[in-house]
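Novice: Here it is: the structure, laid out below.
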Amino acid sequence: MNDEKITVRITETGQTMDVVVLSKRADRIEVVIGAGVHNVRCELTPTRSGQAYAGSVKGREIVYERSREQVQHDIDRLNPTLNKGGRR
C-alpha cells in the first residue's frame, strides 16, 4: 500500500519532517507522526487566512504550508471521480 506523505514544519525549531496522511479534506487533514507503538495522531486545520494548516503535537505546533485551494486541487487531482457524483 502506498501511503501519502506530506512535509510539515515544526515552528519552534524550523525543522521539517514527513508525516503519513490518514485522511485529507479541505477543512481538515489527519496525519500520523512516528511509527509503531510510538506514533501520534494530529489534526491539522486551516489557519484564519487559509494559507496553511496548523496543529499541535505534544505541545509543539506543526504547520503544513499549503492553502485550502491547493489542498482541494490535490484532492481533485488524486481522485477526479470523487466530485463527479450524481444519482443513477
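Quick note: to get this note's numbering, add 27 to the position in the sequence shown (first position is 1).
Idealized CB from N, CA, C, for every residue including glycine.
Nothing here was measured: the structure is a model prediction, and the numbers come from that model.
Could you pull out every residue in the same chain whose Cβ sits closer than 7 Å to the Cβ of I120, ignoring the five residues on either side in sequence?
Specialist: Absent from the model: residue 120. The displayed extent of the chain is 28 to 115, so no value can be given.
Novice: By the DSSP assignment, the alpha helix (DSSP H) with D101 in it spans what residues?
Specialist: First-last of the alpha helix (DSSP H) with D101: R95 to L105.
Novice: Could you work out which residue in Q42, T34, K51 and T43 is closest to D103 when comparing CA atoms only?
Specialist: It is K51.
Novice: Helix, strand or coil, according to DSSP, for G86 in the structure here?
Specialist: In the structure shown, G86 sits in coil (DSSP, three-state: anything other than H, G, I, E or B).
Novice: Let's see if you can read the secondary structure: which residues bound the beta strand (DSSP E) around E57?
Specialist: Where E57 is concerned, the enclosing beta strand (DSSP E) stretches over R55 to I60.
Novice: Who are S50's beta bridge partners in DSSP?
Specialist: Partner(s): E57.
Novice: In angstroms with no decimal places, state the Cα-to-Cα distance between E88 and R55.
Specialist: Roughly 16 Å between the two C-alpha positions.
Novice: Report the residue from T38, G63 and A79 whose alpha carbon sits nearest the alpha carbon of R93.
Specialist: When each option's Cα is compared against that of R93, the closest is A79.
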